[in-house]
Amino acid sequence: DALDPATRALTERREKSLGGSYRLFYRRPVHLVRGEGQYLWDASGRRYLDMYNNVASLGHCHPAVVEAVTRQASTLNTHTRYLHETILDYTDDLLTTLPAELDRAMYMCTGSEANDLALRVAKFVTGGDGVIVTREAYHGTSELTSSVSPALGSGQPIAPTARLVDAPDAYRVDTPDLGAWFAQRVSDAIDDMERAGTRFAGLLVDSLFSSDGVLPGPAGYLREAADVVHRAGGVVIADEVQPGFARTGEAFWGFARHGIVPDVVTMGKPMGNGIPVSGLVARTEVLDAFSDRIPYFNTFGGNPVSMAAARAVLDTIRSEGLQEHSAAIGAELLTALRGLATRHEAIGDVRGAGLFVGLELVSDRTALTPDRALALDVLEELRERGVLTSVAGPHGNVLKLRPPLAFASADIAWVTTALDEALTVLTS
Ligand code: PMP
């Protein structure tokens, strides 16, 4: 389809001034001008259902965050080298959501910076250099984090000291005990790096395996792997950038679903509902070894405006009961999508935890053959029906359905009808 002149002009301007690394979604790019709750509006006034954005996790432009940011921005914004109560009040509050062993917090602006510091800490305290991540992991943009982010593709060099392990995919891995299966992979990777003369530093893991294709699996399956890491003297870093802040419904943090206590937890995306703020929380004994020797200052990290936004997010998750909401509506959405799977052979698997759902498209249900081409076409058809989302996983065939937590029961019909029509158009 030809682009309308306004879209074409903006697209060309963007290519000229921003360059090729900035990838756009959609063959017909969407030009958004406004957001509210789970909805977005484009320049022509058309409304969309946002099934993708876990950053505006409370909902786009949530009034509690807008108000807190406006108030703080018109009072004071500065850095962490002066005393300020907001960062301390927020930290006290944040730590109540975490296991008691995790009792120190530090703040940055992006998930990448949080993971970058987590890796520096893990390397410092262990004296090791060897990091284990999953085969399609994404952990950030910095030199250190991109070198353990195979999701960036074959152009991105992976650190020679890193080891990639297969993600625990309950749909594709045929095993009665996924926990033992994954722990064995981690154990083999530790052996392999030590044979190569690399000392083990730790496991960096997103407990929902978002870029590995959304793999909630049976809760608890990370426990054995965490034990293996600890027995080998390594650090467990839970990358909560995607699963954190009530997203998975049954727990406030993704790792908590598995009953593990990581040594370091990193967080970002939903933390400020769109205001750049990220954090790292760690056990004192792990962090102190690093902090006693190396100062850390992040110009914008932990500033009062970001902290005010983060406080409003925690308050709103509680006052609106968003964790319980995510569990209840996520279960409803799963049921509705599984209903659709009874009528569409192309839906191989539907899985989720709270409002984080993966829907896997296949060309053969018995052979589990991934259908990436169909998934990409489905995205476009959904876009034409006003539903925005994207794909994940090593085969790029898993629709990632991860709306703002404002997503309501009444929105489910929009998603399922759009998906039903898209699959009917594309597969019949
Ligand atoms: N970790 C995970 C699991 C992520 O999904 C992302 C971002 N997609 C990051 C880290 C990096 O966060 P940021 O883009 O805020 O640097």
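Per the UniProt record's numbering: the sequence shown = residues 19 to 446. Glycine included, each C-beta is placed from N, C-alpha and C at the ideal position. A quick note: this is a predicted structure, and the numbers were derived from the prediction, not measured.
For His78, DSSP records a beta bridge to Gly55.
Counting only the Cα atoms, Glu242 lies some 20 Å from Leu116. Around Phe318, the same chain offers Cys127 as residues with beta carbons nearer than 6 Å, after the five sequence neighbours per side are excluded. Taking a C-beta distance under 7 Å as the contact criterion, Trp432 and Leu58 do not qualify as a contact pair. Contact check for Asp230 against Glu154 passes: the beta carbons are separated by less than 7 Å. Pairwise C-beta distances place the stretch 212-221 in contact with the stretch 247-262, as three or more of them are shorter than 8 Å.
Below 8 Å, enough C-beta pairs join the stretch 411-419 and the stretch 365-383 to call them touching: three or more. Comparing alpha carbon positions, the residue from Leu120, Asn72, Gly348 closest to Lys287 is Asn72. The Cβ neighbour count for Ser228, taken over all protein chains shown within 10 Å, is at least 16; the residue is labelled buried. Shown here for Pro47: same chain residues with a beta carbon closer than 7 Å to its own, the five before and five after excluded, namely Thr25, Thr29 in chain order. Rounded to the nearest angstrom, the Cβ distance from Asp121 to Leu113 is 6 Å, consistent with a contact under 8 Å. Secondary structure at Asp224: coil, using DSSP grouped into helix, strand and coil. If you ignore the 5 residues before and after Val331, its C-beta comes within less than 6 Å of the C-beta of Asn291, all in its own chain and listed in chain order. By alpha-carbon distance to Asp257, the top candidate from Val295, Ala132, Ala424 is Ala132. The beta carbon of Phe142 is closer than 6 Å to those of Phe308 in its chain, skipping five residues each way along the sequence. Taking the Cα of Asp22 as reference, the smallest distance to any Cα among Arg32, Lys34, Ser62 is reached at Ser62. Taking a contact as a CB-CB distance under 8 Å, the pair Gly370 and Ala345 does not count as one, their CB atoms being some 11 Å apart. Taking the C-beta atoms as reference points, Met211 is found no nearer than 7 Å to Arg190. Here the C-alpha atom of Thr159 lies approximately 6 Å from the C-alpha atom of Ser130.
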